[in-house]
């Protein structure tokens with residue numbers, strides 16, 4: 001067979017070559033295509049928050065091919081338009097976070113959020129455990145035993161409503177306003193004139209001590225024993 005003679009390929013090889021070329025073209029087009037803000041149940045939390053913000057602002061629903069940067073710019077212009085219509089003295093509505101953050105800083109914030117959420121869950125579980133232990137201590141009384149079903153009926157809705165996991169996200173940080181970080185000096189007389197109330201003047205009286213300290217525990221009473229007969233040694237002998 002010479003080099004100039006055309007090579008005949010089987011239909012299977014041609015089909016595989018065609019399908020592989022179509023797959024490569026589809027992958028290249030998917031990389032160049034901007035990400036859609038709407039991806040159903042698989043959409044990210046940030047994209048869902050953007051869609052909610054867009055809906056709250058009364059803007060029309062973005063197209064599926066609308067890129068995220070363009071959606072952010074549209075939301076920013078709409079928010080600026082709404083802020084311009086506010087009266088003077090609306091600085092409390094200013095966002096707390098104004099400086100732009102890098103990707104590494106956002107990752108650090110996410111790590112801090114996860115650590116705080118883990119500590120919150122630990123504290124919440126401890127509080128729930130203490131609540132259950134305190135509730136169980138009341139079951140020893142005769143009155144609680146008689147009304148045990150009523151007590152469980154009153155507590156069951158509270159237990160079902162308890163959420164251990166925290167729902168705080170980074171979107172809450174972006175939504176925080178400047179008035180949330182207001183620091184008031186408690187030692188200033190001018191500030192205390194506005195923040196003082198009647199409950200600050202209530203003093204707690206003496207609280208009964210429940211004891212339980214190891215150094216205050218008295219030794220146990222000796223067991224009672226019958227007096228032995230003929231004891232005492234020289235007790236019955238007379239001096240000569």
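In UniProt numbering, the protein residues as written are 1 to 240.
A virtual CB, placed ideally from N, CA and C, is assigned to each residue, including glycine.
Range covered by the alpha helix (DSSP H) that runs through residue i
i           : result
residue 122 : 103-137
residue 73  : 68-84
residue 45  : 45-56
residue 188 : First-last for residue 188: undefined, no H or E at that position.
residue 173 : 170-175
residue 156 : 148-161
Exposed unless 16 or more other CB atoms sit within 10 angstroms - verdict on residue i
i           : result
residue 50  : buried
residue 71  : buried
residue 95  : exposed
residue 54  : buried
residue 148 : exposed
residue 38  : Any reading at residue 38 is ruled out, since the residue's pLDDT is 47, under 50, leaving its predicted position unreliable.
residue 19  : exposed
Inter-residue Cα distance where the pair is residue i and residue j
i           : j           : result
residue 100 : residue 26  : 35 angstroms
residue 157 : residue 151 : 11 angstroms
residue 62  : residue 134 : 53 angstroms
residue 129 : residue 224 : 43 angstroms
residue 193 : residue 202 : 17 angstroms
residue 1   : residue 29  : With a pLDDT of 46 at residue 1, under the threshold of 50, the modelled position of this residue cannot be trusted, and the question is left open.
residue 145 : residue 160 : 23 angstroms
residue 177 : residue 206 : 43 angstroms
residue 139 : residue 132 : 11 angstroms
residue 119 : residue 85  : 42 angstroms
residue 106 : residue 199 : 42 angstroms
residue 21  : residue 83  : 52 angstroms
residue 219 : residue 213 : 13 angstroms
residue 40  : residue 52  : Unreliable placement is indicated for residue 40, whose pLDDT of 46 sits below 50; the coordinate value is still reported in the next sentence. Approximately 13 angstroms, taken between the alpha carbons.
residue 117 : residue 48  : 21 angstroms
residue 197 : residue 123 : 30 angstroms
residue 42  : residue 16  : Its pLDDT being 41, under 50, residue 42 is placed unreliably in this model, and the value from its coordinates should be taken loosely. So the two alpha carbons sit approximately 32 angstroms from each other.
residue 111 : residue 125 : 21 angstroms
residue 222 : residue 216 : 18 angstroms
residue 141 : residue 204 : 28 angstroms
residue 108 : residue 102 : 10 angstroms
residue 68  : residue 183 : 36 angstroms
residue 190 : residue 73  : 44 angstroms
Member of the options whose CA lies at the smallest distance from the CA of residue i
i           : options            : result
residue 45  : 224, 169, 175, 191 : 169
residue 75  : 118, 56, 86        : 56
residue 163 : 18, 105, 127, 214  : 127
residue 93  : 221, 180, 220, 189 : 180
residue 172 : 189, 113, 119      : 113
residue 155 : 136, 142, 143, 141 : 136
Nearest-angstrom beta carbon gap, residue j and residue i [assumed within contact, 8 angstroms]
i           : j           : result
residue 121 : residue 166 : 7 angstroms
residue 14  : residue 97  : About 58 angstroms separates the two Cβ atoms, so there is no contact after all.
residue 78  : residue 59  : 6 angstroms
Any chain C beta carbon closer than 8 angstroms to residue i
i          : result
residue 57 : Given the protein chain composition of this structure (a single chain), no chain C is represented.
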